[in-house]
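Novice:
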Amino acid sequence: MLVLGFESSCDETGVALVDAGGVGVPRLLAHALFSQIDMHQAYGGVVPELASRDHIRRVLPLTQTVLSEADRTLAQVDVIAYTRGPGLAGALLVGAGVACSLAAALGKPALGVHHLEGHLLSPFLSSDPPEFPFVALLVSGGHTQLMRVERVGSYELLGESIDDAAGEAFDKSAKLMGLPYPGGPHLARLAEQGDSAAFKLPRPLLHSGNLDFSFAGLKTAVLTQAKKLGDALEARKADLAASTQAAIVEVLVKKSLSAMTQTGLRRLVVAGGVGANAMLRSQLNAACEQRGIRVHYPELHLCTDNGAMIALAAGMRLQAGLEAPERGYMFDVKPRWSLAELRPEAEAACAITNG
Ligand code: KG4
Ligand code: ZN
Numbered sequence: 000m001l002v003l004g005f006e007s008s009c010d011e012t013g014v015a016l017v018d019a020g021g022v023g024v025p026r027l028l029a030h031a032l033f034s035q036i037d038m039h040q041a042y043g044g045v046v047p048e049l050a051s052r053d054h055i056r057r058v059l060p061l062t063q064t065v066l067s068e069a070d071r072t073l074a075q076v077d078v079i080a081y082t083r084g085p086g087l088a089g090a091l092l093v094g095a096g097v098a099c100s101l102a103a104a105l106g107k108p109a110l111g112v113h114h115l116e117g118h119l120l121s122p123f124l125s126s127d128p129p130e131f132p133f134v135a136l137l138v139s140g141g142h143t144q145l146m147r148v149e150r151v152g153s154y155e156l157l158g159e160s161i162d163d164a165a166g167e168a169f170d171k172s173a174k175l176m177g178l179p180y181p182g183g184p185h186l187a188r189l190a191e192q193g194d195s196a197a198f199k200l201p202r203p204l205l206h207s208g209n210l211d212f213s214f215a216g217l218k219t220a221v222l223t224q225a226k227k228l229g230d231a232l233e234a235r236k237a238d239l240a241a242s243t244q245a246a247i248v249e250v251l252v253k254k255s256l257s258a259m260t261q262t263g264l265r266r267l268v269v270a271g272g273v274g275a276n277a278m279l280r281s282q283l284n285a286a287c288e289q290r291g292i293r294v295h296y297p298e299l300h301l302c303t304d305n306g307a308m309i310a311l312a313a314g315m316r317l318q319a320g321l322e323a324p325e326r327g328y329m330f331d332v333k334p335r336w337s338l339a340e341l342r343p344e345a346e347a348a349c350a351i352t353n354g
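By numbering that gives the first Met the number 0, the letter at position 351 of the sequence shown is numbered 350, and the numbering carries on one by one without gaps.
1. Report the three-state DSSP secondary structure of Arg-235 (helix, strand or coil).
2. Give the range of the alpha helix (DSSP H) segment to which Gln-289 is assigned.
3. Following a CB-centred definition, is His-114 positioned closer than 7 angstroms to any heavy atom of ligand 2?
4. Cα separation between Gly-141 and Phe-212?
5. Judging by CA-CA distance, which residue of Glu-340, Val-17, Pro-334, Val-24 is the nearest neighbour of Val-93?
6. Output the boundary residues of the beta strand (DSSP E) element that contains Ala-323.
7. Taking 7 angstroms as the cut-off, is the C-beta of Ala-88 nearer than that to any heavy atom in ligand 1?
8. So what does DSSP say about Ile-79, is it helix, strand or coil?
9. Quick check: the segment 225 to 233 against the segment 178 to 189, are at least 3 beta-carbon pairs closer than 8 angstroms?
10. Ordered along the chain, which non-local residues of its own chain (more than five positions away) have a Cβ less than 8 angstroms from that of Met-146?
11. Under three-state DSSP, which class holds Val-332?
12. Please state the DSSP three-state secondary structure of Gln-35.
13. Leu-110 and Ala-313 look like a contact to me (Cβ under 8 angstroms); what is the Cβ gap, rounded to whole Å?
14. I need the straight-line Cα distance from Ser-100 to Arg-56, nearest angstrom please.
15. Just to check my reading of the structure: Gly-4 and Ala-270 have Cβ atoms closer than 8 angstroms, yes? What is that Cβ distance to the nearest angstrom?
16. Determine which residues share a DSSP beta bridge with Phe-133 and list them.
17. Assign Asn-276 to buried or exposed, taking buried as 16 or more other Cβ atoms, counted over all protein chains shown, within 10 Å of its Cβ.
18. What is the chain-ordered set of residues for which the beta carbon lies under 5 angstroms from any non-hydrogen atom of ligand 1?
19. For Ser-195 versus Ala-165, is the C-beta spacing smaller than 8 angstroms?
20. Counting only runs that start and end within the segment 165 to 198, where is the beta strand (DSSP E) found for 3 or more residues in a row?
21. Say the cut is 7 angstroms; is the CB of His-118 nearer than that to a heavy atom of ligand 2?
22. Enumerate in chain order the residues of its own chain whose CB-to-CB distance from His-258 is below 6 angstroms, with the five nearest sequence positions on each side excluded.
23. Give the range of the beta strand (DSSP E) segment to which His-295 is assigned.
24. Out of curiosity, what's the CA-to-CA distance linking Val-148 and Asp-230?
25. Whose C-alpha, out of Ala-323, Asp-127, Ala-168, is nearest the C-alpha of Arg-266?
26. Helix, strand or coil: how does DSSP classify Ser-7 here?
27. Within 10 angstroms of the Cβ of Lys-185, are there 16 or more other Cβ atoms? Answer buried if so, exposed if not.
28. Comparing alpha-carbon positions, which option in Leu-61, Gln-40, Val-2, Val-45 lies nearest Gly-13?
29. Please state whether the Cβ-Cβ distance between Tyr-81 and Val-112 is less than 8 angstroms.
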């Protein structure tokens, strides 16, 4: 069973083709990605209208690339999957509209996928895939969540950020330091040359006794520190970046370990853009190795948004029998959508079959 997947929730257009036949993990046949980062960089952040327009420009050429790389034709595709949410409404509508139009034209079912489910399952495409059950640390630009994952489609929220996400803390702090958008990777690179103990920054909710996060106060502390430094900021930027990264990483590591203790599970899956952070990976690896916990990550190039994770999630849901495509030609998108709301019986998503 061939599943074509579209990702267009934010500033990356992703298209991928997976083979979800049989019982094994769907196999990635090809994927293609176009990042809009250069376009948005001039504005210091994502401009939603420009994002939507660019998705329109990229999605079909990328689809052609993927099909030709996989040596398959559109007529061979069995299901068309797309990101239904969460994300930017206009950007989501591009992927949903193209997917559902193609599905209708081809007489094939279309399937709306939760973006975070895509991130969460993306380590299954790595050379060291996890096994269920596991705890997932989802750290993307808009979400910081700890979930207990029993099987595909069974996601229990253990804790989440009550304000900014970890990715936002990286991005906003980086912006305060004058680094280009998206700040996370730039801040991480600068931090390599800095002293992480140079500035004492808060570790919000570190001892809260629950698995919630809060990063808004950290950003304010970075701002206060930057103002205090004034002209000296330039010379101390690497130290401030290193101190900021250390604060974020310490909270993420400690809370993840608490989630492992609380659930008694022995596997941790890290997914989402911040999962690409080298310091987070090395500290989690060290802490988990000490405790006999296995940690799984997506391949580095599949940490940030991509179409492969969307095709994969659709394929895994279909294999698990969680999707029963309905007849109809309607679709919608869900710009705000909690992963914990994903209940097998409640979600038929945007399912289209012919006839
Ligand atoms: O998952 P993602 O691609 O998009 C969302 O679904 O939000 O995550 C993007 C986030 C951004 O905040 C970006 O700055 C952050 O991931 N990020 C990083 C790194 N690479 C990406 N943050 C810290 N270190 C990195 N190496
Ligand atoms: Zn994402």
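Every residue, glycine too, gets a C-beta built ideally from N, C-alpha and C.
Specialist: Put simply:
1. helix
2. Annotation for Gln-289: the continuous alpha helix (DSSP H) segment containing it runs 277 to 289.
3. yes
4. Each residue's alpha carbon lies about 13 angstroms from the other.
5. Pro-334
6. DSSP places Ala-323 outside any beta strand (DSSP E), giving it a letter other than H or E.
7. no
8. Correct three-state label for Ile-79: strand.
9. Below 8 angstroms, too few C-beta pairs join the segment 178 to 189 and the segment 225 to 233 to call them touching: fewer than three.
10. Leu-119, Val-134, Ala-135, Leu-137, Tyr-154, Glu-155, Leu-156, Leu-157, Leu-338, Ala-339
11. coil
12. coil
13. 5 angstroms
14. 16 angstroms
15. That belief does not hold up - the Cβ atoms of Gly-4 and Ala-270 are roughly 16 angstroms apart, past 8 angstroms.
16. Val-148
17. buried
18. Ser-139, Gly-140, Gly-141, Gly-166, Phe-169, Asp-170, Pro-181, Gly-183, Pro-184, Ala-187, Gly-271, Gly-272, Val-273, Ala-275, Asn-276, Thr-303, Asp-304
19. no
20. none
21. yes
22. The displayed chain sequence assigns Ala, not His, to residue 258. Val-134, Leu-145, Leu-157, Leu-210, listed in sequence order.
23. DSSP places His-295 inside the beta strand (DSSP E), whose first and last residues are 293 to 295.
24. 48 angstroms
25. Asp-127
26. coil
27. Here residue 185 is His; the residue named in the question, Lys, does not match the sequence. His-185 is buried by the Cβ-count criterion.
28. Leu-61
29. yes
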